[in-house]
Structure formats: structure tokens, C-alpha cells
Amino acid sequence: MIAPRHRPSLALIWFALALASCWGLSSAATRDPAQHFFDTTFGDLAEELATARNEGKKGILLMFEMDECPFCHRMKTRVLNQSEVQDYFKRHFLIFPIDIEGDVEILDFAGTPVAEKEFALKSHRVRATPVFAFFDLEGRLVARYTGVTRDVAEFMWLGQYVVEERYRETSFQQYKRERRAAERQ
């Protein structure tokens with residue numbers, strides 16, 4: 003049993019640990035991805051391409067997702083909520099979520115009306131989520147990544163892979179191997 007005179011110091015230690023824990027969590031640069039990662043859209047992807055061109059972006063990033071997807075949730079709570087990720091991707095892309103089960107009608111890159119779920123399944127063969135699909139300023143798919151990335155760094159590499167247009171010469175798998183080898187040196 004702890005002597006009564008030591009109880010206040012233990013309480014103070016617990017309080018300090020709790021405060022340090024809260025400080026550590028709040029000092030992490032996280033922000034809500036709904037507000038800071040994704041852009042607002044009226045569902046006209048052809049118009050969004052024109053906006054991306056006017057703003058000097060590299061293209062459009064679509065995240066194909068669905069509500070009950072644990073992997074989508076994981077990306078949003080561990081990667082897409084990071085301010086460094088948000089800042090980098092927003093600098094280079096307009097970013098929109100597409101609900102693969104959604105009935106909301108959008109206009110595809112050609113201006114054709116289509117439900118989100120048809121756009122996902124029929125136009126882009128999305129069967130698992132999340133899928134990150136990068137489109138150039140002409141509306142051509144240039145890179146696609148299915149699933150969760152291992153961590154923030156790997157997702158950043160995915161963005162850099164597209165921004166640097168490395169998809170023209172190599173696969174993302176090869177690009178990652180090159181990046182890991184460079185980090186070891």
C-alpha cells in the first residue's frame with residue numbers, strides 16, 4: 003500500500019501523463035478529410051477538368067469508396083487526414099469521392115450523365131474499395147491504385163509518382179522499390 007503522503011504525487015503524475023497524452027494527440031497535424039482533402043463538386047467531371055486546367059493542377063483524383071468500407075475508413079483516419087497529405091494533393095489535384103453504390107447522377111468526363119455506381123462499375127471496373135484513380139487534364143486515366151497504402155509515406159509516393167509523370171515509364175511497384183532503395187543509401 004502506498005503511504006497517504008504519496009497519493010497526491012501519484013495523482014499529479016497521472017494528470018501529467020494524461021495531459022502529455024492529450025498534447026501528443028492534438029499536436030499531430032490532422033484535419034477532417036471531408037473538409038481538407040476532398041473538393042466540393044456539382045458532379046460535372048468535364049467542368050472539373052476545365053477548373054483543374056485553369057488552376058494549374060496536374061489532374062483529377064477520384065477516390066472510389068463506399069460507406070461501410072473499413073479500408074476506406076482506415077485511409078481517411080490514418081492517411082487522408084494528415085495535413086501534409088492534404089496540402090500536397092490539394093496543390094496538384096482536384097479530388098472527389100465517388101460512391102460505388104451511389105445513385106446520384108454525375109456527368110462523366112465526356113459530359114454523359116451516369117449514376118455514380120454505373121460510372122464506378124461499368125466505366126472503371128471498380129469492384130473493391132478504395133480505388134484511387136488519377137486522371138490527366140484530358141480525362142485519361144493515368145494511374146490507379148486499389149486498396150490501402152501501407153502508410154502516409156507510401157501514399158505520398160503515389161502522388162509524387164503521378165505528379166512526376168513516372169507512370170509513363172514505370173509501374174508504381176517499381177517506383178516504390180526505387181524510393182526504398184534511395185532511402186537506404
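Quick note on our numbering: the sequence shown kicks off at 3 and runs consecutively. By construction, the Cβ of each residue, glycine as well, lies at the ideal position given by its N, Cα and C atoms. Fair warning: this is a prediction, and the values are worked out from it, not measured in the lab.
Span separating the alpha-carbon of residue i from that of residue j
i: Leu-64; j: Arg-33; result: 19 Å
i: Tyr-147; j: Glu-57; result: 25 Å
i: Gly-161; j: Glu-120; result: 26 Å
i: Gln-187; j: Leu-109; result: 47 Å
i: Ile-102; j: Val-87; result: 24 Å
i: Ile-97; j: Phe-91; result: 8 Å
i: Thr-114; j: Thr-53; result: 18 Å
i: Tyr-169; j: Lys-124; result: 24 Å
i: Ser-85; j: Lys-78; result: 12 Å
i: Leu-139; j: Ala-31; result: 30 Å
i: Arg-80; j: Ala-155; result: 11 Å
i: Gly-104; j: Val-116; result: 11 Å
i: Val-106; j: Leu-47; result: 13 Å
i: Glu-185; j: Lys-178; result: 11 Å
i: Val-164; j: Arg-76; result: 22 Å
Residue i (DSSP reduced to helix, strand or coil)
i: Met-158; result: helix
i: Arg-152; result: coil
i: Arg-142; result: coil
Whole-angstrom C-beta distance between residue j and residue i, which should lie under 8 Å
i: Val-150; j: Phe-73; result: 5 Å
i: Glu-50; j: Thr-43; result: 6 Å
i: Pro-61; j: Phe-95; result: The amino acid at residue 61 is misidentified as Pro; the sequence shows Gly. Right, the Cβ-Cβ distance comes to about 6 Å (below 8 Å), so this counts as a contact.
i: Glu-67; j: Pro-99; result: 6 Å
i: Leu-143; j: Ala-130; result: So it is not a contact: roughly 17 Å between Cβ atoms.
Where the alpha helix (DSSP H) containing residue i begins and where it ends
i: Ala-31; result: Per DSSP, Ala-31 belongs to no alpha helix (DSSP H) and is neither H nor E.
i: Arg-179; result: 174-186
Residue range of the unbroken beta strand (DSSP E) whose run includes residue i
i: Phe-136; result: 133-137
* What are the uninterrupted segments assigned as beta strand (DSSP E) that are 3 or more residues long and contained completely in the region 46-128, given in chain order? -> Runs of the beta strand (DSSP E) inside the region 46-128: 61-67, 95-101, 107-109 and 115-117.
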